[in-house]
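Undergrad: Read in order, the letters of the sequence shown correspond to residues 0 to 312 in numbering that gives the first Met the number 0. A virtual CB, placed ideally from N, CA and C, is assigned to each residue, including glycine. Attaching a single structure in structure tokens format; questions to follow.
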Amino acid sequence: MWFFGRKGASGFSASSTAEDVTKGINGTGLTAIVTGATSGIGTETTRVLAMHDVHVIMAVRNTESGRKVKQTILNETPTAKVDVMELDLSSLASVRNFAAEFISSGLPLNILINNAGVMAPPFLLSKDKIELQFATNHLGHFLLTQLLLETMKRTSHEQNKEGRIVNVSSEAHKFAYKGIYFDDLNKESSYSPIYMYGQSKLANILHAKELTKCFKENRVNLTANALHPGSIATNLLRYHKIIDGVVDWVGKYFLKNIPQGAATTCYVALHPQVKGVSGEYFMDSNIAQPNSYAKDSALAKELWDISLTMVAP
């Protein structure tokens, strides 16, 4: 990992780990939701936030796996506050059920980490008949965020603390080199696994951009940012066994490990350097530049309006 050592303006680099970027930070009194917390950077993000006394709700499809991860964290940090709740982001009904259950719990919400995702599967439709990557990576998180915004606003007001929304995107957003094909979202005949993955990751950045616009217009003490965690060997490649095997073989030499992969998420979620920063795209725990489509305000508004229509009951 020697070639990942150059530090940016934040003082961190691609070789920094999640523990490195959160060293000395006290998260007591904060509550966070992490989607997709049963594997990879979601698990590491949960572990590190819990180390810093953040109360973490693991929002996961497989609650049995979630409970195992929780126990592993408790074995390491017995004082950790970790809860497991069921959430299937490919089902809008599941998103609504999760949000209703969380809101009824009366818990505050300071940090929402939209981390879960699927990458380049064969053509599949969600339970709502929406292309799976767009449904899971963007639309489920879009609805989840909408449903939890009032709780985040109330928490921010009552605690006089900034709330943070963190969208885990990817440099793969650049694969969507022609933007978002709104008219072809669910067409199998024109389906390209990699392009559609890039499209969903582009949507994550545009979502944060439009959220920021809303927060500034309404003078809300919330921020929304997107990030690229880095190239990491995780189970995202489970649909591509041959590629996954090659990645396992060479990944230790050329890819980030999971603690390094979770660093930017934890940095954007917790670090005081990010206070007041919103609508940005981060990489290696530093502000980076996405492609031109990710900066397109008109495209962000179009995505917002179409997403609202698609998630309407």
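On a Cα-Cα basis, can you pick out the residue from Leu302, Leu298, Ala299, Val267 that is closest to asparagine 285?
TA: For the residues Leu302, Leu298, Ala299, Val267, the minimum Cα distance to asparagine 285 belongs to Val267.
Undergrad: What does aspartate 82 pair with, by DSSP beta-bridge criteria?
TA: DSSP, once it has assigned bridges, lists Ile56 as partnering aspartate 82.
Undergrad: Once you ignore the five residues that flank alanine 293 on each side, which residues in its own chain have a CB closer than 7 Å to its CB?
TA: For alanine 293, where only same-chain residues beyond five positions count, the Cβ hits under 7 Å are His172, Leu201, Ile204, Leu205, Tyr280.
Undergrad: Could you please give the first and the last residue of the uninterrupted alpha helix (DSSP H) stretch that includes glycine 105?
TA: Per DSSP, glycine 105 belongs to no alpha helix (DSSP H) and is neither H nor E.
Undergrad: Pull the bridge partners of asparagine 285 from the DSSP assignment, please.
TA: Note: asparagine 285 sits in a beta bridge opposite Met282.
Undergrad: Our contact map puts alanine 115 next to leucine 88 with C-beta atoms below 8 Å; I'd like the distance itself, whole angstroms only.
TA: That belief holds up - the Cβ atoms of alanine 115 and leucine 88 are roughly 6 Å apart, short of 8 Å.
Undergrad: To the nearest angstrom, how far is the alpha carbon of asparagine 25 from that of cysteine 265?
TA: So the alpha carbons of these two residues sit roughly 13 Å apart.
Undergrad: Since arginine 163 is in the beta strand (DSSP E), which residue starts that stretch and which ends it?
TA: Note, arginine 163: beta strand (DSSP E), 162–167.
Undergrad: Work out the CA separation of glycine 35 and arginine 60 for me, nearest whole Å.
TA: Each residue's Cα considered, the two are about 8 Å apart.
Undergrad: Which runs of the beta strand (DSSP E) fall wholly inside the stretch 134–219 and span at least 3 residues, in chain order?
TA: Runs of the beta strand (DSSP E) inside the stretch 134–219: 162–167.
Undergrad: So who's on the other strand from threonine 34, going by DSSP bridges?
TA: Threonine 34 is bridged to Ala58.
Undergrad: State the start and end residues of the unbroken beta strand (DSSP E) segment that holds leucine 221.
TA: From DSSP, the beta strand (DSSP E) with leucine 221 extends over 221–227.
Undergrad: Which one of Gln145, Leu269, Thr222 has the shortest CA to CA distance from aspartate 304?
TA: Comparing Cα positions, the closest option is Gln145.
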